[in-house]
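Trainee: Counting from 1, position 66 in the sequence shown corresponds to residue 115 in the working numbering; the numbering is continuous, with no gaps.
Every residue, glycine too, gets a C-beta built ideally from N, C-alpha and C.
Computed from a prediction, not measured in an experiment: that's the story for all the values here.
A single structure is presented below for examination.
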Amino acid sequence: VGNAYGETPFHDLDPAKPNDAYFRHVDYVVDKAGQLGMYIALLPTWGDKVGPLLWGAGPVVFDPERARRYGEYLGNRYRGSPVIWVVGGDRDPTEARHYATWRAVAEGLDRGDGGAHLMTFHPQGEASSANFFHEDPWLDFNMQQSGHGAQNIDNYNRVAADYARTPTKPCMDGEPCYEDHPVREGPEGAYFDAYDARKLAYWALFAGAHGHTYGANGVFQFWVPGQEDRFGVRRPWQEAMQLPGSAQMQYARRLLESRPFLNRVPDQSLLVSGAGSGGEHVRATRGEDGSYALVYTPLGRPVRVDMSRLSGESVTAYWYDPRDGTSRRIEPTGAGGEQEFTPPSSGTGNDWVLVLDDSARGFATPGGGRG
50 VGNAYGETPF
60 HDLDPAKPND
70 AYFRHVDYVV
80 DKAGQLGMYI
90 ALLPTWGDKV
100 GPLLWGAGPV
110 VFDPERARRY
120 GEYLGNRYRG
130 SPVIWVVGGD
140 RDPTEARHYA
150 TWRAVAEGLD
160 RGDGGAHLMT
170 FHPQGEASSA
180 NFFHEDPWLD
190 FNMQQSGHGA
200 QNIDNYNRVA
210 ADYARTPTKP
220 CMDGEPCYED
230 HPVREGPEGA
240 YFDAYDARKL
250 AYWALFAGAH
260 GHTYGANGVF
270 QFWVPGQEDR
280 FGVRRPWQEA
290 MQLPGSAQMQ
300 YARRLLESRP
310 FLNRVPDQSL
320 LVSGAGSGGE
330 HVRATRGEDG
340 SYALVYTPLG
350 RPVRVDMSRL
360 SGESVTAYWY
370 DPRDGTSRRI
380 EPTGAGGEQE
390 FTPPSSGTGN
400 DWVLVLDDSA
410 RGFATPGGGR
420 G
């Protein structure tokens, strides 16, 4: 596949003959990301170049030996660069040769960069890397793809399953529904919006994910008018960059980082009122020491909480708005027993996060500062 300048990665479709002009442009992009304080999730190849050819143009150009040498070339070239390696290319391995080839890519990358970078595997829709490579030592964290098939996919169940696996590895939803992407199995003309993107983010994060991916339909393919109309794209990438969900992801990060991050655990036992299912599903997480709890209610419905899961003699409570990152203080409340909390608004698009803090800890307003 050529880049915007018509350069292809290999001469004669041979991975042993990398096109330096192509990779100099990759160098530029990776270096620019580093200057901006960003890491790039870098895929060595798209999956149709390994197989199976469920979709994509091919051709298959990799076998294990070619894949190993190519991986070593990339690992050495980007040894000191801000990248996270993502093998897999949106395909699930279905034959022994696929497993062998992806493992060879990983082996080559590790050999080339001396193990300096994190590595994961990008499966296809409604699958997880854990299904295929969980026990492989090169797989540093698991990635699932909840995909674009339907609204309200229960990515939280898949994240929870990966979170519970042994050996223990971090996990995330690496390709949830993209904003402004058609709902493939939904009603005619249905598109995912910012609300859909927020739900998948908070469900996954509160179920134990270490991070999350946000995508927008026009951006991921850098579409501009005049190009092929792919995946029901409606906006050029410059306009899609301004979709509301792109700004709202930062509010999820700010909220989590405003409380102790590394001791956070998923805990549905906080919910006395039940979790519900589908678009009503409520998800809860807390500090392992009980110093705080967060409860996401996607429809703004009241939640009843077991306050005994929190530490301290008094609790400071807020409603955090995932749409704009603001918070509203709730009247002080005592610890212990069961208490019901009613969000400021309810209905479709009115999602809220209940924030409960041990008052003695003196945490900042949700989303402000670091825990």
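Just to confirm my understanding: we take G96, look at its own chain, exclude 5 residues before and 5 after, and list those with CB closer than 6 angstroms. What are they?
Mentor: By 1-based counting over the sequence shown, the position of residue 96 is 47. If we look at G96 and ignore the five residues flanking it on each side, its Cβ neighbours are G138, D139, R140.
Trainee: Given this structure, state the Cα-to-Cα distance separating H147 from H183, to the nearest angstrom.
Mentor: Residue mapping note: residue 147 aligns to position 98 of the sequence shown, counting from 1. Residue mapping note: residue 183 aligns to position 134 of the sequence shown, counting from 1. Distance between the alpha carbons of H147 and H183: 16 angstroms.
Trainee: Sort T150, S195, T143, G124 by Cα distance to M168 and report the nearest one.
Mentor: Your numbering for residue 168 matches position 119 in the sequence shown. Nearest of T150, S195, T143, G124 to M168, Cα basis: G124.
Trainee: What number of angstroms, rounded off, separates the C-alpha of R118 from the C-alpha of T150?
Mentor: Taking the sequence shown and counting its residues from 1, one reaches residue 118 at position 69. Taking the sequence shown and counting its residues from 1, one reaches residue 150 at position 101. Looking at the two C-alpha atoms, the distance is approximately 11 angstroms.
Trainee: By Cβ distance, which residues of its chain are closer than 7 angstroms to T382, with the 5 residues on each side in sequence left out?
Mentor: Counting from one through the sequence shown, the residue named residue 382 turns up at place 333. Same-chain partners within the cutoff: V364, A366, Q388.
Trainee: Are the Cβ atoms of H261 and A250 separated by less than 7 angstroms?
Mentor: Taking the sequence shown and counting its residues from 1, the one referred to as residue 261 is at position 212. Taking the sequence shown and counting its residues from 1, the one referred to as residue 250 is at position 201. Their beta carbons are under 7 angstroms apart, which means H261 touches A250 by this criterion.
Trainee: Taking the Cβ atom as the reference point for each residue, do R332 and F255 lie within a distance shorter than 7 angstroms?
Mentor: What you label residue 332 is simply residue 283 of the sequence shown in a count that begins at 1. What you label residue 255 is simply residue 206 of the sequence shown in a count that begins at 1. Yes, the pair counts as a contact, with Cβ atoms nearer than the cut-off.
Trainee: Using a Cβ-Cβ cut-off of 6 angstroms (strictly less than) and excluding sequence neighbours within five positions of W401, which residues of its own chain qualify?
Mentor: Translated into the one-based positions of the sequence shown, residue 401 becomes position 352. T346, G349, W368, P392.
Trainee: By DSSP, does Y263 sit in helix, in strand, or in coil?
Mentor: Numbered from its first residue, the sequence shown carries residue 263 at position 214. Y263 falls in the coil class under three-state DSSP.
Trainee: Beta carbon of C220, beta carbon of D211: below 7 angstroms?
Mentor: Reading the sequence shown from its first residue, position 171 is the one you call residue 220. Reading the sequence shown from its first residue, position 162 is the one you call residue 211. Result yes, Cβ atoms of C220 and D211 sit closer than 7 angstroms.
Trainee: In terms of residue numbering, what span does the beta strand (DSSP E) encompassing M192 cover?
Mentor: Here residue 192 refers to the residue found at position 143 of the sequence shown. Unbroken beta strand (DSSP E) run through M192: 191-194.
Trainee: Using the Cα positions of R372 and V136, report the straight-line distance between them to the nearest angstrom.
Mentor: Mapped onto the sequence shown, residue 372 falls at position 323. Mapped onto the sequence shown, residue 136 falls at position 87. Cα-Cα distance, rounded: 33 angstroms.
Trainee: Could you check where the alpha helix (DSSP H) with D162 kicks off and where it finishes?
Mentor: For this step, residue 162 is matched to residue 113 along the sequence shown. It spans 145-162 - the alpha helix (DSSP H) in which D162 sits, taken as one unbroken run.
Trainee: To the nearest angstrom, how far is it from the Cα of G398 to the Cα of G328?
Mentor: Translated into positions along the sequence shown, residue 398 becomes position 349. Translated into positions along the sequence shown, residue 328 becomes position 279. The alpha-carbon atoms of G398 and G328 are separated by roughly 11 angstroms.
Trainee: At 3 residues or longer, what runs of the beta strand (DSSP E) sit wholly inside the stretch 365-410?
Mentor: Here the runs fully enclosed are 376-383, 387-390, 401-407.
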